[in-house]
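There are 4 protein chains.
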Amino acid sequence: MADIKKVILAYSGGLDTSIIIPWLKENYNNCEVVAVSADVGQESELEGLEEKAIKTGASKLYIEDLKEEFVNDYVFPTIKAGAVYENKYLLGTSFARPIIGKRLVEIAKAEGADAICHGCTGKGNDQVRFELAIKAFAPTMPIIAPWRTWDLKSRDDEIEYAEAHNIPLKITRETNYSKDKNLWHLSHEGLDLEDPANEPMYNKEGFLEMGVSPEQAPDKPTYVTIHFEKGIPTAVDGVEMDGVTLIQTLNKIGGENGVGLADIVENRLVGMKSRGVYETPGGTILYHAHEVLETICLDKETQHYKQQVALKFADIVYNGQWYTPLREALSAFVDSTQETCTGDVKLKLYKGNIINAGVTSPYTLYSEEFASFGEDDVYNQADSAGFINLFGLPIKVKAMLDEGRVK
Amino acid sequence: MADIKKVILAYSGGLDTSIIIPWLKENYNNCEVVAVSADVGQESELEGLEEKAIKTGASKLYIEDLKEEFVNDYVFPTIKAGAVYENKYLLGTSFARPIIGKRLVEIAKAEGADAICHGCTGKGNDQVRFELAIKAFAPTMPIIAPWRTWDLKSRDDEIEYAEAHNIPLKITRETNYSKDKNLWHLSHEGLDLEDPANEPMYNKEGFLEMGVSPEQAPDKPTYVTIHFEKGIPTAVDGVEMDGVTLIQTLNKIGGENGVGLADIVENRLVGMKSRGVYETPGGTILYHAHEVLETICLDKETQHYKQQVALKFADIVYNGQWYTPLREALSAFVDSTQETCTGDVKLKLYKGNIINAGVTSPYTLYSEEFASFGEDDVYNQADSAGFINLFGLPIKVKAMLDEGRVK
Amino acid sequence: MADIKKVILAYSGGLDTSIIIPWLKENYNNCEVVAVSADVGQESELEGLEEKAIKTGASKLYIEDLKEEFVNDYVFPTIKAGAVYENKYLLGTSFARPIIGKRLVEIAKAEGADAICHGCTGKGNDQVRFELAIKAFAPTMPIIAPWRTWDLKSRDDEIEYAEAHNIPLKITRETNYSKDKNLWHLSHEGLDLEDPANEPMYNKEGFLEMGVSPEQAPDKPTYVTIHFEKGIPTAVDGVEMDGVTLIQTLNKIGGENGVGLADIVENRLVGMKSRGVYETPGGTILYHAHEVLETICLDKETQHYKQQVALKFADIVYNGQWYTPLREALSAFVDSTQETCTGDVKLKLYKGNIINAGVTSPYTLYSEEFASFGEDDVYNQADSAGFINLFGLPIKVKAMLDEGRVK
Amino acid sequence: MADIKKVILAYSGGLDTSIIIPWLKENYNNCEVVAVSADVGQESELEGLEEKAIKTGASKLYIEDLKEEFVNDYVFPTIKAGAVYENKYLLGTSFARPIIGKRLVEIAKAEGADAICHGCTGKGNDQVRFELAIKAFAPTMPIIAPWRTWDLKSRDDEIEYAEAHNIPLKITRETNYSKDKNLWHLSHEGLDLEDPANEPMYNKEGFLEMGVSPEQAPDKPTYVTIHFEKGIPTAVDGVEMDGVTLIQTLNKIGGENGVGLADIVENRLVGMKSRGVYETPGGTILYHAHEVLETICLDKETQHYKQQVALKFADIVYNGQWYTPLREALSAFVDSTQETCTGDVKLKLYKGNIINAGVTSPYTLYSEEFASFGEDDVYNQADSAGFINLFGLPIKVKAMLDEGRVK
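For the record, the sequence lines run as chains A, B, C and D.
Just so we're aligned: the first sequence equals residues 71 to 477 in the numbering used here.
Just so we're aligned: the second sequence equals residues 71 to 477 in the numbering used here.
Just so we're aligned: the third sequence equals residues 71 to 477 in the numbering used here.
Just so we're aligned: the fourth sequence equals residues 71 to 477 in the numbering used here.
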């Protein structure tokens, strides 16, 4: 501890990270604190952030725009994998942590810092995700996680500490959900949501931020067509756009139509269950569209095996194991499957529903001719008899042996 | 062939099975044809069916009410498994075939029949499902599948054959989708749906039968609460009911609210892709509710592993391998997991959406106290540091070794 | 800490647990220490153990014979599962910990103890296995793990502590491998084995204890026949025997013939790799025999899926998660598959080799008639053409579409 | 049939393919038959083969040396995957078929042939493997499989046919096993082996061809060291060599030491079980060595997941699905994992045993320092307590809730 002279702090300007600055200086010999704000699309006011950080005691503030890298190197590989945690959660917070952790290390090395500090609670997943990323790039770098060690045990404790240290905050006491926002999603935890018996009050003013509830959505449907190249979305309604713009575009369309709400009790990595409500309007559309495209572009064996890979991929992303040989190997698998995932998916958005409105691909494996009722020269119906006889042979043999006829 | 004197025919009274009766008699020395109609809730008019069968040449008609057995022994075990084929299809046709196949064998044995006949096309899954069930209970019973052998190659050919044999049919030429209906679902295939580029015309009069489209659904939400005992739904809105009634009840509520439509390009067992639209209003609600309940009743390891088991279970059901040691072993796994899946799930149905409105269970593993932000005496935040250090040790060691520091 | 008046100690009489007794009394207000020695077949001298425990400061010694329960409730279910950790390790230490942990809790409750103590190192798996078992039956029971907290950092430190506390030990400094023995196996770790580049000195006097090396084994083979009932071994060479005797019998035969040595670098649960040599003579024979029997008693689908289940089962056992819903559910799966695993397996043991010498079962699914070259009336070779055409349809369709012929 | 003027025949010069030549000419309008012998290391006498083929009626004989391609593009990718079918079979025949099938198509296209013919039985896997390969490269090419259609039902029928057509054969009636040999292995089927109750007579003169039985092997061990680069074996005992030479070298060493015998009842793809004895001396050594190397070069998560991938990879290779998107995607996964699988594995071969004699790698993840007993600064034993508390939290919470204490 005595050796720590300069600390890199993952900084948001919120309550937690604001009080950490004086706390670090108090507890680490008045060390220098370099604040780093990563922009992954959370759309918080970055104006005034530098002033605030410095006023609170930081020596410097880095503002890092990671949006493009976030989308291309983390979000899109995960969409391609079709990874969904526990069948519902689209990993919005999960894959934002590794990129930030990596950037913290880069800055720590450039700054010659002695430690990295984050403001995550000791009960959550994010501490794991940050620290695994840090370990991957700076395995022996000391990590400071004040929530696991200090005496502040609640939001109220924090506010008192802030007031005692003259940190000007506009925060009111416990009137709002705990939230995490980025380009991909917004999560809500706490308060009434802590009891899974409670229905979320989606229609209440001020709850939803990225869109509206299905009930509040317009009575008219909206159509949207997404183009994919090798599993990556590249255009909306015929307009090519970069990944960041594409997600923003779909967030707007999806949000307006009440799409992408999820209410989940999930299993945290650290051993307990927690309940959260997620808004992922654009992401929900993208996952849906990508899956539809795969139904015509992937053969059955690949499609089925990829479902299993997706389960593992989701666990790995959720657990913060992004920078691991297994994640890389799974991505190699996924990328191979996406070679032919090119095409257009048209969707109808209506009051929370995403309804398929047609899919096409130059690589489609669907053939109307083969599937339909009548005759064709690719498929000979008489082949079925042989197929069934062999496919069912184990059943037949077992039944015959059970009957004692053969042996 | 010469030995076949009595054939059991899976009979629906529709075009296919109607012409099969004279065809069998023509091709198998005027054999006796015993028709069997299994009632799995398809709600077709059973009135007049006996007369029709006999007029067409059958010697007898069995009408078998299998609804209760269907729900308890096939549907509920599949819900408990959470089995969904290719992430969308709730297996409505798939698990109805084995029970019918089994009953056909029972009747064949009671009747002393020499063969069993079904009217499935040679391009579909149902022929496999029927025949695997037959092989399981009568491994050496000859099976006749006219579609794979006769010269009729289309619906039009069939109608001509019917007319030539004086079979009175009210069937018009190719104006309707190919459908399969039972208590659980209704499927639509063919016509414009054969091109996945086409959007299904849900709002068109006469398309949907079990309910309405989201757009046609009422503007007011409907709440419904489902009670489960060990993974089996036993009550709706506090009213206990048998399985058949329960599904009918939920079909009505779900259908009215536009719930449970799926538009899928699926991979058939016999090697090609096909496209279908499914209505499964009650089933969709039940799957959703059961999954929500599991999020609070199952521990993480069980929940995650069960996701993999569900993939396999779905394949097996889809492929008609119901009567196999593997299906039984998987059911043993599933039943073990369901010991504590008891509780109530409240859902809000609104224009196609199923929205969680609260879940409770006497066996819940969710603890508000553990999950929330503050302190408790079960979870010590300091433990996280140790957890992360060990969980991340492989990453750290690899990074250190990569850096050449250690070794 | 102040409240701890009586501690249950998992006691072996070895160096570690001997010094823990005075250490506990020193550090926990002279608390009462109740020693518990579980007999899982380690064949250590139990004579004099009580005197030794009491002389070292324990108030009492329980000697618990758990051999029969160990074999029937832990070993046999794991054999039935075919669970092997990392393709080599037969889990000898892993499944011995849960049963001991459970017994410690039972005694702690009977004794009204305030804590349970074990002597496992903080770098190993056993601490996890013990503590998970304790948590399963006494979730809030304090657990004391001196190795994680005291200042003794090596075997030498321990010996000094022992000498300082007048604990009479016949232990020499670091001249022997770290070993764990029970009815099922004996493990060796440490010293020259710590470098995986070193070949184990199997032929060296005093290394192997349960048998000899292949080179030292007799030049004549030994035949042995094992009978299984529903996956459980019940007789050797026609002689029925209880599980304990059966394993002892096979240990002797196997050991004499140089069977069952494994040299492994394994991944510990706690994040690092370790290297060990294992002797599991009887166990290796049993796993081999059981697997051979399954090749004729299980159908292909079950056999293949069970391979995956075995991987998970092994992880769970290795990780000490015996008392979990997932382990129970997997056992339910396994038990269902074993219904027909009854039969005889004859093996030839020769200088380390286990060579199949014939297998029979009343439930065999192997049919010489079906498999052989010529004709039969169960299998029609013409069926293969149909089978291949449908099985290969996705390949054909893809190739055709790739050629641009169809579409 | 009338259109078939030129047929490519997979030709070995054995009984089956010799009589197929006149049979084709008889049944396909005296079509031209182009014989193709693929050399995958079967070491059959190629001398005189051309003369024989032409004397029997072929117009031409291609002799294709595929050994190098076989090893590099089929064998090594499968070793890297660690794919073993049903835990025993090293896929020797399986992965030789696709390469031959592909070459047949290439020749068929060059020759402008109308069909491809093979001599596989209708009860085996090889017909599937050949035909899937053909479909992959020539999806609409007619395939002729005489065994599935002609009247010859046994070896005796064949010999009579040969004699009737003046085909000079040195074949005796049914005195030998059915064999398949290539560079990688030799399989034995039939005769006494058809009853799994019979012990194979390994010590009998003339049974084993690639080596000796353990009993016949020398009394002195042989050491061998294999070097791998990214999972591919490149040197033996320090001598770099191409893949073909390397396998030949290991076949010799392994065969002499009685290594690599497997006696298996396996599940064929076409639905029945069959029994075979396999000699794979070099292959068994390579699989063993590669697996040992992976234990120090792969991290745990990758190693465990790769075990599952290996199961699927084995099925795919066994089933002849080499040229599929899934096989390619799995290979992409595998190749990614092999980036660091470089190092040396020393083995001691002794009378059938393969005994680890040391492994090293510049990329080893094993650290003696971390694994051993004492203290180090990478691993803090106190971390274990936190790890266990969180890892065991679900168990604790469940137990507490079960106890009714919390809720």
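Glycine included, each C-beta is placed from N, C-alpha and C at the ideal position.
Selection Asn252/D, Ala183/D, Glu233/D, Lys343/D evaluated against Glu115/D yields Asn252/D as nearest (Cα-Cα).
Contacts between Phe457/B and chain A, judged by CB atoms closer than 9 angstroms, involve Val198, Leu339, Val340, Gly341 in chain order. Counting along the chain, no beta strand (DSSP E) covers Gly456/B; the unbroken alpha helix (DSSP H) around it starts and ends at 453–461. The beta carbons of Tyr388/D and Ser129/D sit no closer together than 7 angstroms.
Distances from the CA of Thr434/B to each of Val104/B, Asn100/B, Cys101/B, Lys300/B were compared; the closest alpha carbon is that of Lys300/B. In this chain, the beta strand (DSSP E) harbouring Pro303/D covers 302–306. Flagged as an interface residue toward chain B: Pro395/C, by a C-beta distance shorter than 7 angstroms. Residue-level contact by beta carbon fails for Gln318/C and chain D, as no gap is shorter than 7 angstroms.
Contact annotation: Ile177/D and Leu136/D have beta-carbon atoms that are not nearer than 7 angstroms. At the C-beta level, Pro303/D and Tyr420/D stay beyond 7 angstroms of one another. By the CB criterion at 7 angstroms, Phe403/A and Phe200/D fall outside the cutoff.
Between Ser224/A and Pro432/A, the alpha-carbon positions lie close to 56 angstroms from each other. The three-state secondary structure of Cys367/B, taken from DSSP, is helix. With distances taken between CA atoms, Gly84/B lies nearest to His188/B out of Asp333/B, Val198/B, His188/B, Lys205/B. Taken in chain order, the complete beta strand (DSSP E) segments of 3 or more residues contained in the region 388–428 of chain D are 413–420. Counting along the chain, Arg338/A sits inside no alpha helix (DSSP H), nor does DSSP assign it H or E at all.
Taking 7 angstroms as the Cβ-Cβ cut-off, the region 265–280 of chain D has no residue approaching chain A. CA-to-CA, the gap between Lys382/C and Leu316/A works out to about 40 angstroms.
The C-beta distance from Glu181/A to Ile78/A rounds to 7 angstroms, short enough to meet the 8 angstroms contact threshold.
When the five nearest sequence neighbours on each side are left out, the beta carbons in the same chain lying within less than 8 angstroms of the beta carbon of His235/D are those of Ile89, Pro92, in order along the chain. Burial is judged here by how many other beta carbons sit within 10 angstroms of a residue's own beta carbon; Pro238/D has fewer than 16 and is exposed. Going by C-alpha positions, Glu398/A is about 14 angstroms away from Val145/A. At a cut-off of 7 angstroms between C-beta atoms, Thr365/C does not count as an interface residue with respect to chain B.
Residues of the region 376–406 of chain B whose Cβ lies closer than 9 angstroms to any Cβ of chain A, in chain order: Gln377, Gln378, Leu381, Asp385, Asn389, Gly390, Gln391, Tyr393, Thr394, Pro395. In the three-state reduction of the DSSP assignment, Gly346/A falls in the strand class. By the Cβ-count criterion, Pro288/B is exposed, with fewer than 16 other Cβ atoms from all chains shown falling within 10 Å of its own Cβ. Val282/B: not part of any alpha helix (DSSP H); DSSP gives it neither H nor E. Note on Asp196/C: 16 or more other CB atoms within 10 angstroms of its CB, so buried under the neighbour-count rule. Ranked by Cα distance from Lys416/A, the first of Trp392/A, Ser107/A, Ala305/A is Ala305/A. In this structure the region 368–380 of chain C lies against the region 403–414 of chain C, because at least three pairs of beta carbons, one per stretch, are closer than 8 angstroms.
In the three-state DSSP reduction, Phe140/A falls in the helix class (H, G or I). Bounds of the alpha helix (DSSP H) holding Glu326/A are 313–326. Per DSSP, Ser88/B lies in no beta strand (DSSP E) segment; the continuous alpha helix (DSSP H) that holds it begins and ends at 85–97.
Per DSSP, reduced to three states, the secondary structure at Ala105/B is strand. Shown here is that no member of the region 84–105 of chain A has a Cβ falling below 9 angstroms from a Cβ of chain B. Under a criterion of Cβ atoms nearer than 8 angstroms, the residues of chain B adjacent to Ile465/A are, in order, Leu202, Lys205, Ala206, Pro209, Gln391, Tyr393, Thr394.
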